[in-house]
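Single-structure report; data block below.
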């Protein structure tokens, strides 16, 4: 929907979520070892 931007925080082992209209960091998600990219799959389910 273009309202959020997901970015890797490679050396922090996290992914950040930025609210595009305000350009503020709204969430930080720990993902493990050195994330290099973000991939979205439209039919995926988070369980």
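Numbering (the working numbering), first residue to last: 1 to 47.
For each residue, glycine too, the CB sits at the ideal point set by N, CA and C.
Quick caveat, the model's predicted, so the values are computed rather than measured.
Note the first and the last residue of the continuous beta strand (DSSP E) segment covering residue i.
i          : result
residue 28 : 24-30
Below 8 Å CB to CB, which residues in the same chain sit around residue i once its five sequence neighbours on both sides are set aside?
i          : result
residue 3  : 19, 20, 21
residue 64 : The chain is shown only over 1 to 47; residue 64 falls outside these bounds and no answer can be derived.
Helix or strand or just coil, what does DSSP make of residue i?
i          : result
residue 10 : helix
residue 37 : coil
residue 2  : coil
residue 48 : Given a span of 1 to 47 for the chain in the structure shown, any question on residue 48 remains unanswerable.
Could you pull out every residue in the same chain whose Cβ sits closer than 6 Å to the Cβ of residue i, ignoring the five residues on either side in sequence?
i          : result
residue 16 : 7, 9, 25, 28
Excluding the 5 residues preceding and the 5 following residue i in the sequence, name in chain order all residues of the same chain whose CB lies nearer than 7 Å to its CB.
i          : result
residue 5  : 18, 20
residue 36 : 8, 10
Between the options, which lies nearest to residue i when the distance is taken from Cα to Cα?
i          : options   : result
residue 11 : 23, 1, 30 : 30
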